[in-house]
Amino acid sequence: MATRKEHVAAVIMGLCAVAALSAFVSAIPAVGTAAASGKIVEAWRCLGFFLFAGLFALLAIYPRRLPGLWELVFLHKAGMAIFAVSILGTAALDAPVTAIADGILALLTLVSYVLARGYEAWRFKA
Numbered sequence: 221m222a223t224r225k226e227h228v229a230a231v232i233m234g235l236c237a238v239a240a241l242s243a244f245v246s247a248i249p250a251v252g253t254a255a256a257s258g259k260i261v262e263a264w265r266c267l268g269f270f271l272f273a274g275l276f277a278l279l280a281i282y283p284r285r286l287p288g289l290w291e292l293v294f295l296h297k298a299g300m301a302i303f304a305v306s307i308l309g310t311a312a313l314d315a316p317v318t319a320i321a322d323g324i325l326a327l328l329t330l331v332s333y334v335l336a337r338g339y340e341a342w343r344f345k346a
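Counted the way the working numbering counts, the sequence shown spans residues 221 to 346.
Here it is, written out as structure tokens:
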């Protein structure tokens, strides 16, 4: 039986999945309108949103069955936020939004990791 903390973590990760899916849908037009030199980058970005929607959903549904997934998701989101902060004030116009969005996602992932006891996925199961 899942605890209240586990339910909270599942809801948080579920909301992150919905947000990432929404970002995927909203990024589709950018792929079509991108210049030829930027189409691959826009497609990569768009499909990345879809990938993270799936990853967040997996964490919501199976919080302790996939060793390493929590850590990979957290490290990606935290890494992107840190990088975006490091380039604030440059020509990278999307750096502030990326810093905030990925920073929030990193924080929500970390909180959910603790609430769901995601670290227990590493336990050996005989």
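Just so you know, even glycine gets a beta-carbon here, dropped at the ideal spot from N, CA and C.
(message) According to DSSP, is G309 part of a helix, a strand, or is it coil?
(response) Your numbering for residue 309 matches position 89 in the sequence shown. DSSP places G309 in the coil class of the three-state scheme, outside both helix and strand.
(message) Do I281 and C266 have their beta-carbon atoms positioned less than 8 Å apart in this structure?
(response) What you label residue 266 is simply residue 46 of the sequence shown in a count that begins at 1. What you label residue 281 is simply residue 61 of the sequence shown in a count that begins at 1. Contact: no.
(request) Within its chain, find whatever has a CB closer than 8 Å to the CB of F294; leave out the 5 residues flanking it on each side and keep chain order. (result) If you number the sequence shown from 1, residue 294 lands on position 74. Here the set comprises A326, T329, L330, Y333.
(message) Would the segment 304-311 count as touching the segment 255-263 if we require 3 or more Cβ pairs under 8 Å?
(response) At 8 Å Cβ cutoff, the stretches do not touch.
(message) For a test of the three-state rule: what should DSSP assign to P249, helix, strand or coil?
(response) Here residue 249 corresponds to residue number 29 of the sequence shown, with the count starting at 1. In the structure shown, P249 sits in a helix (DSSP, three-state: H, G or I).
(message) Determine whether the beta carbon atoms of L335 and V228 lie at a separation below 8 Å.
(response) The residue you call residue 335 lines up with position 115 of the sequence shown. The residue you call residue 228 lines up with position 8 of the sequence shown. Their beta carbons are under 8 Å apart, which means L335 touches V228 by this criterion.
(message) Quick check on P316: does DSSP put it in helix, strand or coil?
(response) Working through the sequence shown from its first residue, we reach residue 316 at position 96. The answer is helix: DSSP assigns P316 an H, G or I state.
(request) Under 7 Å Cβ to Cβ from V251, same chain only, skipping five residues before and after it: list those, please. (result) Translated into positions along the sequence shown, residue 251 becomes position 31. K259, E262, A263, C266, listed in sequence order.
(message) Quick check: the Cα distance between F272 and A237, rounded to an integer number of angstroms?
(response) Sequence index remark: in the sequence shown, residue 272 carries index 52 (1-based). Sequence index remark: in the sequence shown, residue 237 carries index 17 (1-based). Roughly 7 Å separates the two Cα atoms.
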